[in-house]
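Asks: Pasting a structure here, questions to come.
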Amino acid sequence: MKKIPVLMLAVLLAACGGKSDTAASQADTGLPPKPSFKVKFIDSTVTQGLPLGKASEDKTNDGKKRLSYAIEGMDAQNVLEVIGNRPEDLEVVSGRCMQTDGQGGKIGWTRDGRCRALFAKLVANVADDADKLTDYLVVHAGLLPYQAGRSGYAAVQNGRYILELDSDGLFFFRRRNI
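Sequential numbering from 97 applies to the sequence shown in this note's numbering.
In structure tokens:
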């Protein structure tokens, strides 16, 4: 007799947990749906084909090897960093890239701009379905179209790995510490 109310509660909760509301709201806003992704690898080839200057090497606060690269054609604030003691099994790829107008004001990432192209190539180097991932993250982070003064963040994860981007052009591809 006591099992029936518990069973009914479980049925009601299951009925309320559908994804149709999320899908409908995404369709209404025109935003791409959240993609899943499969990691290719996270090793020293992550920088292959990226428009980067020469690497400078140092250590993180916890003693891990860090390679920092300037992004070619951008000011010094725009960098890409690769962190990990073993080149065949890196821990983090991170960076910052923000396009600006002539006076230094942020303009976000234009569809054919340097930041978006660099990020798309980086995503293609580390994950399958790079176009879907890039489109989702750039739009949901608020970089295209850019809205000054608004904060945005987007992330996709597949369990052990997470790919993140925010409206300031900060991005991370990292292994989660589980």
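Using N, Cα and C, we set each Cβ at its ideal position, and we do this for glycine too.
This structure is a prediction, so every number in the text was calculated from the model and none was measured.
How close, in whole Å, do the beta carbons of Asn-221 and Thr-156 come, if the pair is a contact with beta carbons under 8 Å?
Replies: No, Asn-221 and Thr-156 are not in contact; Cβ-Cβ is about 22 Å, not under 8 Å.
Asks: Output the boundary residues of the alpha helix (DSSP H) element that contains Lys-160.
Replies: Note, Lys-160: premise wrong, no alpha helix (DSSP H); not H, not E.
Asks: Helix, strand or coil: how does DSSP classify Asp-262 here?
Replies: DSSP places Asp-262 in strand when its eight states are reduced to three.
Asks: Let me know the secondary structure DSSP gives Ser-247 once reduced to three states.
Replies: If DSSP states are grouped into helix, strand and coil, Ser-247 belongs with coil.
Asks: If we cut at 9 Å on Cβ distances, does Lys-228 have a partner in chain D?
Replies: Within the model displayed, chain D is absent; a lone protein chain is all it includes.
Asks: Can you look up Leu-146 in the DSSP assignment and give me helix, strand or coil?
Replies: Residue state, collapsed to three classes: coil.
Asks: Thinking C-alpha only, which one of Glu-260, Asn-174, Ala-166 is nearest Val-188?
Replies: Closest by alpha carbon: Glu-260.
Asks: In whole angstroms, what separates the C-alpha of Val-102 from that of Ala-251?
Replies: Any reading at Val-102 needs caution, since the residue's pLDDT is 49, under 50, leaving its predicted position unreliable; the model's value is listed next. Rounded to whole angstroms, Val-102 to Ala-251 spans 36 Å at the Cα level.
Asks: Here's the rule: buried if 16 or more other CB atoms are within 10 angstroms of the residue's CB, otherwise exposed. What is Gly-238?
Replies: Buried, by the Cβ-count rule.
Asks: Tell whether a beta-carbon distance below 9 Å holds between Ser-132 and Asn-254.
Replies: Cβ atoms of Ser-132 and Asn-254: closer than 9 Å.
Asks: Go ahead and label Arg-212 buried or exposed: buried means 16 or more other beta carbons lie within 10 angstroms of its beta carbon, across all protein chains shown.
Replies: Burial call: buried.
Asks: To the nearest angstrom, how far is it from the Cα of Ala-166 to the Cα of Pro-129?
Replies: Roughly 32 Å between the two C-alpha positions.
Asks: Applying the criterion that 16 or more other CB atoms from any shown protein chain within 10 Å of the CB defines a buried residue, is Phe-137 buried or exposed?
Replies: Per the 10 Å Cβ criterion, exposed.
Asks: Near His-236, what residues of its chain come up, given a Cβ to Cβ distance below 6 Å and the 5 sequence neighbours on each side ignored?
Replies: The answer, listed in chain order, is Ala-250.
Asks: Take Asn-174 as the anchor and find which of Gly-200, Asp-158, Ala-223 has the nearest alpha-carbon.
Replies: Considering only alpha carbons, the answer is Gly-200.
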